[in-house]
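Working notes for the structure below.
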Amino acid sequence: MQSFWCGFQSFLVLLPLVLPTAVSAHEQFTVARNEIGGVTIKMNGQPFATYVIDQGNKPFLWPVLGPDGKQMTRSFPMQDVPGETQDHYHHRGVNFGHQGMGGTDTWTEDGTWGDNPKRADQKARVGQISHDRYLTLTGGGTATVDTVGTALTRDGKPLLEVAQRFDFSCEGENRLIDIAVD
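As structure tokens, then:
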């Protein structure tokens, strides 16, 4: 026991000398609120993703950018890009919606159904997931965006609380987003 403790103390003394070198070799993430209340995540000063809260009927990540800056998700319907498919209006970046929550659908949007009168019953079930608050916004060696929202019926009645956590990291050339939804 004595030798372990002595060795452990030595490790603790050396750790502060080694740690700054190890941390500086990793990616550095920043998380900052933008002018509309969403969040921009950057890695080494370069855009990684944006958490959007003011478009559509639920929060989503868009754009999500790869290591070379290439967009990993399509732009429609947030932006018109010539030649890009313009279907599935509800496919906004990376998002989580749910169908059949007490008769409410937060997966599709009004734009999904258009003005087709035969789809009025489906359109009447479209609800939303509001963004209520951030629990955690942290950067450093990784980034975390931890949010709470509310699933609402079309009439604005609350159905349930929706917690979403997005953890951003990097392994070699790979950018990672780990998502938990409760």
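For reference, each letter of the sequence shown is one residue, going 12 to 193 in this note's numbering. Just so it is clear, CB atoms sit at the ideal spot from N, CA and C, and this is done for glycine as well. None of these values were measured; they are calculated from a predicted model.
Cβ-Cβ separation, residue j to residue i (assumed contact under 8 Å), whole Å
{"i": "Asp-143", "j": "Gly-160", "result": "5 Å"}
{"i": "Thr-158", "j": "Leu-171", "result": "Actually they are not in contact, since the Cβ atoms of Thr-158 and Leu-171 sit about 14 Å apart, beyond 8 Å."}
Residue i burial status per 10 Å Cβ neighbour count (16 or more: buried)
{"i": "His-37", "result": "exposed"}
{"i": "Arg-130", "result": "exposed"}
{"i": "Asn-106", "result": "buried"}
{"i": "Arg-169", "result": "Correcting the residue type first, residue 169 is Pro in the shown sequence and not Arg. With fewer than 16 other Cβ atoms within 10 Å, it is exposed."}
{"i": "Glu-120", "result": "buried"}
{"i": "Asp-166", "result": "exposed"}
{"i": "Asp-79", "result": "exposed"}
{"i": "Leu-76", "result": "buried"}
{"i": "Gln-97", "result": "exposed"}
{"i": "Gln-175", "result": "buried"}
{"i": "Gly-56", "result": "exposed"}
Residue i versus residue j - alpha carbon distance
{"i": "Asn-68", "j": "Ala-154", "result": "25 Å"}
{"i": "Glu-95", "j": "His-102", "result": "13 Å"}
{"i": "Glu-184", "j": "Thr-61", "result": "20 Å"}
{"i": "Val-173", "j": "Ala-43", "result": "22 Å"}
{"i": "His-124", "j": "Ala-135", "result": "In the sequence on display, residue 124 carries Trp and not His. Their Cα atoms are separated by approximately 10 Å."}
{"i": "Gly-150", "j": "Ile-140", "result": "25 Å"}
{"i": "Met-54", "j": "Trp-73", "result": "15 Å"}
{"i": "Ser-86", "j": "Asn-127", "result": "24 Å"}
{"i": "Pro-93", "j": "Pro-58", "result": "23 Å"}
{"i": "Gly-113", "j": "Thr-164", "result": "9 Å"}
{"i": "Met-89", "j": "Gly-152", "result": "30 Å"}
{"i": "Gly-122", "j": "Phe-71", "result": "16 Å"}
{"i": "Gln-39", "j": "Asp-193", "result": "28 Å"}
{"i": "Glu-182", "j": "Asp-91", "result": "32 Å"}
{"i": "Arg-186", "j": "Ser-180", "result": "6 Å"}
{"i": "Thr-115", "j": "Tyr-100", "result": "18 Å"}
{"i": "Ala-191", "j": "Glu-46", "result": "26 Å"}
Beta-carbon contacts of residue i that lie in its chain and below 8 Å, excluding the five residues immediately before and after
{"i": "Gly-48", "result": "Ile-64, Asp-65, His-142"}
{"i": "Val-50", "result": "Val-42, Ala-43, Arg-44, Thr-61, Tyr-62, Tyr-145, Leu-148, Val-156"}
{"i": "Lys-81", "result": "none"}
Same chain, Cβ closer than 7 Å to residue i, neighbours up to 5 away in sequence not counted
{"i": "Asp-189", "result": "Asp-178"}
{"i": "Thr-117", "result": "Asn-68, Lys-69, Gly-108, His-109, Gly-138, Gln-139, Ile-140, Ala-162"}
{"i": "Pro-27", "result": "Residue placement at Pro-27 cannot be trusted, given a pLDDT of 38 that sits under 50; what the coordinates show is reported in the next sentence. Here the set comprises nothing."}
{"i": "Gly-111", "result": "none"}
Sequence-distant residues of the same chain with beta carbon closer than 6 Å to residue i, five excluded per side
{"i": "Met-83", "result": "Val-75, Gly-77"}
{"i": "Gly-219", "result": "There is no way to answer for residue 219, as the model of the chain reaches only from 12 to 193."}
{"i": "Ile-52", "result": "Val-42, Phe-59, Ala-60, Ala-154, Phe-179"}
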